[in-house]
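Mind the numbering: the sequence shown is residues 52 to 482 in our numbering, read in order.
Structure record follows, encoded as structure tokens.
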Amino acid sequence: MPGLIQKNRSNSNMKSDIGSRALNVALEQLAVTAEKTKLDPGIHEMLKHPKRSLVVSIPIRLDNGEVAVFMGCRVQHNGARGPFKGGIRYHPDVTLDEVTALAMWMTWKCAVVDIPYGGAKGGVSCNPKEMSRAELERLTRRYTNALLDVMGPFRDVPAPDVYTDAQVMAWIMDTYSQFKGHKVPECVTGKPIIIGGSEGRAEATGRGVFICGREAARRLGMKVKGRAVAVQGFGNVGWNAARIAYDTGCKIIAVSDSKGGIHCEKGLNPYKIYEHKKKNGSVINYKGCENITNEELLELECDILIPAALENQITKANAENIKAKIVAEGANGPTTLEADKILYEKEVFSVPDILANAGGVTVSYYEWVQNLDREHWSLDEVIRKLENKMVNSFNDVYEIAKKEKSDMRTAALMLGIGRVGEAIKTLGIWP
Ligand code: NAD
52 MPGLIQKNRS
62 NSNMKSDIGS
72 RALNVALEQL
82 AVTAEKTKLD
92 PGIHEMLKHP
102 KRSLVVSIPI
112 RLDNGEVAVF
122 MGCRVQHNGA
132 RGPFKGGIRY
142 HPDVTLDEVT
152 ALAMWMTWKC
162 AVVDIPYGGA
172 KGGVSCNPKE
182 MSRAELERLT
192 RRYTNALLDV
202 MGPFRDVPAP
212 DVYTDAQVMA
222 WIMDTYSQFK
232 GHKVPECVTG
242 KPIIIGGSEG
252 RAEATGRGVF
262 ICGREAARRL
272 GMKVKGRAVA
282 VQGFGNVGWN
292 AARIAYDTGC
302 KIIAVSDSKG
312 GIHCEKGLNP
322 YKIYEHKKKN
332 GSVINYKGCE
342 NITNEELLEL
352 ECDILIPAAL
362 ENQITKANAE
372 NIKAKIVAEG
382 ANGPTTLEAD
392 KILYEKEVFS
402 VPDILANAGG
412 VTVSYYEWVQ
422 NLDREHWSLD
432 EVIRKLENKM
442 VNSFNDVYEI
452 AKKEKSDMRT
462 AALMLGIGRV
472 GEAIKTLGIW
482 P
């Protein structure tokens with residue numbers, strides 16, 4: 052799904068490879084879980100296919116006066132448990148297959164943490180690093196316009212994902228509201244607080260990832276304080292997970308972004324790295340640290356590894372070399388199926404994405420509830436609710452894993468897909 056005027060760096064074969072690999076992983080997970088749980092074959096068939104996939108072209112005028120046309124999409128996977136919910140990704144590698152996989156994972160994720168949403172995802176194939184804020188605003192408003200018929204507070208509620216932030220959500224809310232003729236804050240989550248965003252939403256995914264890492268450490272009989280943590284990706288999820296881990300007394304030994312990583316055995320201060328990245332555009336070249344590659348970061352000696360960048364990072368090629376005791380997946384789909392098996396055999400405690408990074412959609416749900424009630428909860432209240440939700444969900448998955456003698460991903464998929472299947476069965480197939 053390339054932009055018609057190609058401003059993207061990646062070649063389209065590579066893009067479709069990444070996307071189709073992610074979709075294969077998602078479909079294979081569904082097939083294995085369907086067999087294990089004896090899921091009704093008709094429901095399995097339904098869940099293989101998204102309810103709706105909308106592909107749109109987005110023409111915008113660039114700052115230099117030229118017109119560029121970008122391809123975007125929104126995939127609504129399954130809405131048996133409630134309105135569709137899922138992030139919007141701006142990235143050169145976005146493809147329909149990738150977004151479909153991400154939408155499917157959203158369906159399971161919302162069910163694992165038992166919030167009343169179905170799963171969706173959106174994406175625009177563009178390179179936001181090469182675009183001005185004004186171009187991004189025009190792109191966002193035009194993309195929102197193209198989704199008007201399928202989105203809305205009780206239909207489909209977008210949120211941030213890779214390279215989209217609170218400001219992008221504000222433009223989405225404003226565009227939707229302009230067409231409705233009144234403010235509709237509940238049409239999107241992850242907004243700035245001043246226009247109805249929730250306290251604690253920006254940090255929620257990272258906080259949830261940290262909570263899962265901490266709970267996994269407890270199960271292994273380790274105190275989380277003093278543990279060595281390596282974080283791949285220093286965006287919303289990675290930065291917040293690193294800072295909350297640091298504030299809790301962990302030692303952050305490595306972080307990275309798309310340009311590379313840094314390693315410091317003695318531990319580094321993520322707040323200082325954040326400032327350094329803001330000034331220099333990357334975490335690399337930080338004094339006192341050794342520059343490393345993203346691949347090297349994954350293989351470092353550490354207690355907790357947090358992949359918080361993109362899909363397909365831990366594969367059969369490097370899984371054997373992973374030395375972390377715990378992997379808490381901040382990113383969606385960072386581990387391939389083959390790698391999963393290898394990690395399990397190595398007794399690495401892996402907390403899967405559909406549980407570990409569900410803190411974001413959980414606080415998005417809290418934001419939606421606050422918007423519908425025209426309420427504003429305190430940060431303490433949001434953190435308390437999130438903490439309970441994540442710990443309870445972790446326990447639910449852990450108990451299934453113990454009973455089934457399985458890894459945590461299998462258990463989470465059994466819980467999530469099981470709940471969605473039950474909802475479909477209970478509702479019946481219309482007509
Ligand atoms: P972001 O745009 O804020 O940050 C992405 C980070 O990844 C940046 O630091 C970027 O430099 C880095 N990165 C990009 N390409 C990379 C590469 N090839 N190698 C290493 N690093 C690379 O995005 P985010 O919101 O932090 O999302 C990160 C991951 O977490 C994604 O997989 C996303 O789907 C997932 N996730 C995000 C949320 C959320 O609330 N934002 C919720 C659930 C899951």
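Glycine included, each C-beta is placed from N, C-alpha and C at the ideal position.
Using the DSSP secondary-structure output, state which residues sit across from D308 in a beta bridge.
G311
Contact between the stretch 136-145 and the stretch 174-187 (3+ Cβ pairs under 8 Å):
yes
I249 to R206 span [Cα, whole Å]:
The amino acid at residue 249 is misidentified as Ile; the sequence shows Ser. Distance between the alpha carbons of S249 and R206 is about 20 Å.
Please state if the CB of V163 and the CB of A409 are separated by a distance shorter than 9 Å.
yes
Nearest CA to the CA of R189: which residue from A255, F121, S228 and G137?
F121
Runs of alpha helix (DSSP H) lying entirely within the stretch 152-217, each at least 4 residues, in chain order
184-198
Can you list the alpha helix (DSSP H) stretches of 4 or more residues lying completely in the stretch 90-139, in chain order?
92-99
Determine the burial state of H100: buried for a count of at least 16 other Cβ atoms within 10 Å of its Cβ, exposed for fewer.
exposed
Quick test of your reading: T419 and E237, contact by CB under 8 Å. State the CB separation rounded to the nearest angstrom.
Checking the sequence, you will find Trp at residue 419 rather than Thr. That pair is a contact at about 5 Å.
Using the beta-carbon count (16 or more within 10 Å), is I313 buried or exposed?
buried
Who are T386's beta bridge partners in DSSP?
I365
Could you pull the DSSP bridge partners for Y325 from this structure?
None, per the DSSP bridge assignment.
Return the chain-ordered list of same chain residues with a C-beta closer than 7 Å to the C-beta of T158, the five sequence neighbours on each side being excluded.
H128, N129, G169, G170 and V471
Give me the DSSP bridge partner(s) of Y141.
V175
Measure the Cβ-Cβ separation of G318 and S333 and say whether it is below 9 Å.
no
If you draw a straight line from the alpha carbon of S429 to that of E371, how long is it in whole angstroms?
44 Å
Apart from the five residues just before and just after E149, which ones in its own chain have a Cβ nearer than 6 Å to its Cβ?
G70 and A73
Please state whether DSSP places M415 in a helix, a strand or coil.
Reading off the sequence shown, one finds Ser at residue 415, where the question assumed Met. It is helical.
Please list, in chain order, all residues of the same chain as Y337 whose beta carbon is under 7 Å from its beta carbon, the five residues on each side excluded.
I313, I324 and H327
How would you write the range of the alpha helix (DSSP H) that V442 sits in, first residue to last?
L430 to E455
Since K160 and G467 are thought to touch, with beta carbons under 8 Å apart, how far apart are those beta carbons, to the nearest angstrom?
7 Å
Based on DSSP bridge pairs, tell me the residues matched to E341.
H314
Residues in its own chain within less than 8 Å of L55 by CB, not counting five upstream and five downstream?
The predicted model places L55 with a pLDDT of 44, which falls under 50 and marks its position as unreliable; any figure quoted below should be read in that light. Cβ within range, chain order: S108, A119, V120, F121 and M122.
Can you find a C-beta in chain C that's less than 9 Å from the C-beta of N342?
Absent from the structure is chain C; it holds one protein chain and no more.
Own chain partners of G247 with C-beta closer than 6 Å, once the 5 adjacent residues on each side are dropped
P236 and N422
Thinking C-beta only, is N291 closer than 9 Å to G257?
yes
Which whole runs of the alpha helix (DSSP H) in the stretch 242-299 are 4 residues long or more, in chain order?
252-270 and 287-298
At a threshold of 8 Å, does R140 count as lining the ligand NAD (C-beta to nearest heavy atom)?
yes
Give the C-beta separation of L271 and F445 to the nearest angstrom, bearing in mind that I take them to be a contact with Cβ-Cβ under 8 Å.
L271 to F445, Cβ: 13 Å. No contact.
Beta carbon of N345 nearer than 9 Å to that of E362:
no
Sequence-distant residues of the same chain with beta carbon closer than 7 Å to A463, five excluded per side:
V163, P403, I405, L406 and V448
So who's on the other strand from S401, going by DSSP bridges?
V378
Alpha helix (DSSP H) containing L466: first to last residue?
M459 to L478
Closest by C-alpha distance to L349, when choosing among L78, E438 and I373:
I373
Cα-Cα separation, A154 to G116
35 Å
Distance between T215 and E341 (C-alpha atoms, nearest Å)
30 Å
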